[in-house]
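Residue numbers (my numbering), protein chains in the order written: chain A, 89 to 315; chain B, 500 to 858.
Just so you know, even glycine gets a beta-carbon here, dropped at the ideal spot from N, CA and C.
So this is what it looks like as structure tokens:
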């Protein structure tokens, strides 16, 4: 099964944990991944595990999830404007259910701290889990700093990432050249992280022929009022 | 210059370090916390001092103390935290100590909410603290403008020995946009007023805001107001777009709401409405020179759009000598007006004008 994303959905594991440095685009990727899977007819759950940021989080997209048949699992405090770092659901029970599970984690090591307590659960499903470390070159962070940030995140999450994802972009102004200019950076980051590049994320408005396989085309879901 | 993608708060923090800011004192509050978080992480690596104080009151008093040395100092907070700082801001102004204060506004009054607002316009421009004093207040409306503002905010603070406020809002603080940082090399300056140790080579420099003799205090305030006159003359900044002799309506707005206004105005142009925009980039001094020009251009109506209950209206009326009718549209409480809502107001005014009826 291969959709127009030029990315083989069979390569996506049942459970995807999305980690990354602050503001690297984790939520946008998490929501896009769940949309892709849902459109391919898969049962999808998306868990909002962000305990750091009360803004721009997965739970903001609930009405879209309802339309697409995606089940949102989130804290009762998400989108309440209450800045409360709580997780009010049972991730173990959710992980044991059939279907895909996308887990959107808060940024940096402070966000990854929410994962630490689930170490035992994740061990149980080891074969089914992809732990993705997302980075964006344009977030003013060097490959060495990106790799260092991963080590801090892994220490807090008590988990090791299994792959990196290149999500280098300049928001709405991203052009094909910006993506091309990120490849060298991505390779260096992957080398320092000692992990394979699972795929490159490309905004949907960029021509589809330019890049090879292992590209996921995404919508930009977080928008300003005036856009 | 390579572009990078940054949140408004992060870009401001990065720009401050590049502008030579050596000390930051602050206390975290949403939606401003990324400024502190970014500086906590990066400032010590670059030879600066980051200190999280026990409260906003402590932070701003540290700004006063450290600012007496002429070092580039900054603090940031959000609305309720800024209110807490007000006493010491008055002391800073009275002591002629330069510094930069950032307010990433959230909705008030009271503890309010964490969504964006512009309801601290009065506080910033009229009275952040007791006594006769002013702050220079900048209101950028994009991440790039935030960055550019930071650089000259420090320059102006030193030039006029005045606290400078960068008035943002939660929307600008939290949103991400591509940004480039200008080349800038700051060499710390020696100031003849700074309390940096006299080394037996000069008299003591004393920085103080207590003047018990009325005539002495009056002279000190009057001297400050002489500097304010220069600021009013030289530092007004304003952006005027699509305004010519045929413009009927001008929409006045600042900061993030000006971004929404531009979208609304583009839609109005497609409907053939003659509408332009005016955006104060300095809120004090209010850009009255540019507003006065609207009188000469025979503008028929001004609509102010703000994320508050209409705090800028009086300044617009005064600057246009009450010669142009001014109406207001705004949302508050953390709600952001949509381009469609603003368009509706523009259309309503346009109809009234064409019907010969001016509100």
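Answer with buried or exposed for residue i, where buried requires no fewer than 16 other C-beta atoms within 10 angstroms of its C-beta.
i             : result
residue 858/B : Because the pLDDT of residue 858/B is 49, which lies under 50, any placement of that residue in the model is unreliable, and the question is left without a value.
residue 699/B : exposed
residue 794/B : exposed
residue 791/B : exposed
residue 89/A  : Only weak support exists for where residue 89/A lies, its pLDDT of 37 falling under 50; the value from the coordinates is given anyway. When all chains shown are included, residue 89/A counts as exposed.
residue 614/B : buried
residue 778/B : buried
residue 305/A : buried
residue 242/A : buried
residue 252/A : buried
residue 667/B : buried
residue 141/A : buried
residue 509/B : buried
residue 743/B : exposed
residue 771/B : exposed
residue 571/B : buried
residue 291/A : buried
residue 833/B : buried
residue 286/A : buried
residue 275/A : exposed
residue 537/B : buried
Taking the continuous alpha helix (DSSP H) assigned at residue i, which residues delimit it?
i             : result
residue 633/B : First-last for residue 633/B: undefined, no H or E at that position.
residue 225/A : Neither: residue 225/A is in no alpha helix (DSSP H) and is coded neither H nor E.
residue 117/A : 114 to 127
residue 621/B : 620 to 624
residue 842/B : 838 to 853
residue 281/A : 271 to 281
residue 689/B : That residue, residue 689/B, is in no alpha helix (DSSP H); it is neither H nor E in DSSP.
residue 590/B : 585 to 593
residue 760/B : 754 to 769
Using only alpha-carbon positions, find the residue among the options that is nearest to residue i.
i             : options                    : result
residue 661/B : 714/B, 824/B, 636/B        : 636/B
residue 257/A : 199/A, 152/A, 111/A, 145/A : 111/A
residue 642/B : 511/B, 719/B, 824/B, 767/B : 511/B
residue 273/A : 264/A, 262/A, 260/A, 255/A : 255/A
residue 312/A : 836/B, 807/B, 542/B, 525/B : 836/B
residue 807/B : 747/B, 829/B, 801/B, 686/B : 829/B
residue 200/A : 157/A, 188/A, 217/A, 221/A : 221/A
residue 107/A : 264/A, 294/A, 250/A        : 250/A
residue 654/B : 624/B, 634/B, 598/B        : 598/B
residue 748/B : 697/B, 803/B, 727/B        : 803/B
residue 652/B : 812/B, 517/B, 505/B        : 517/B
residue 683/B : 849/B, 520/B, 503/B        : 520/B
residue 540/B : 245/A, 198/A, 100/A        : 198/A
residue 736/B : 815/B, 505/B, 780/B        : 780/B
residue 177/A : 136/A, 123/A, 224/A        : 136/A
residue 607/B : 631/B, 529/B, 559/B        : 529/B
residue 163/A : 185/A, 118/A, 193/A        : 193/A
residue 224/A : 113/A, 308/A, 134/A, 104/A : 113/A
State the beta-bridge partners of residue i as determined by DSSP.
i             : result
residue 826/B : 802/B
residue 660/B : Residue 660/B pairs with nothing; no bridge assigned.
residue 573/B : 523/B, 599/B
residue 604/B : 668/B
residue 162/A : 136/A
residue 506/B : 675/B
residue 191/A : 105/A, 135/A
residue 303/A : 288/A
residue 217/A : 103/A
What in chain A is Cβ-close to residue i, meaning under 8 Å?
i             : result
residue 759/B : 313, 314
So residue i is in the beta strand (DSSP E); what residue range does that whole segment cover?
i             : result
residue 751/B : 748 to 751
residue 711/B : Here residue 711/B belongs to no beta strand (DSSP E), and DSSP marks it neither H nor E.
residue 738/B : 737 to 740
residue 108/A : 103 to 108
residue 775/B : 774 to 779
residue 549/B : 548 to 551
Run through chain B and tell me which residues come within less than 7 Å of residue i, C-beta to C-beta.
i             : result
residue 171/A : 529, 613
Applying a beta-carbon distance threshold of less than 7 Å, which residues of chain A neighbour residue i?
i             : result
residue 675/B : 111, 259
residue 578/B : Per Cβ cutoff of 7 Å: no residues; residue 578/B is ~15 Å from chain A at best.
Along chain B, in chain order, which residues have C-beta atoms closer than 8 Å to that of residue i?
i             : result
residue 224/A : 504
residue 142/A : 529, 613
residue 39/A  : Past the edges of chain A, shown from 89 to 315, lies residue 39/A, and the structure says nothing about it.
Taking Cβ-Cβ distances shorter than 9 Å, what residues in chain A pair up with residue i?
i             : result
residue 762/B : 313, 314, 315
Inset, instruction - Could you run through the segment 816 to 838 of chain B and flag, in chain order, every residue whose CB is less than 9 Å away from some CB of chain D? - result: Here the protein chains are A and B, and chain D is not one of them.
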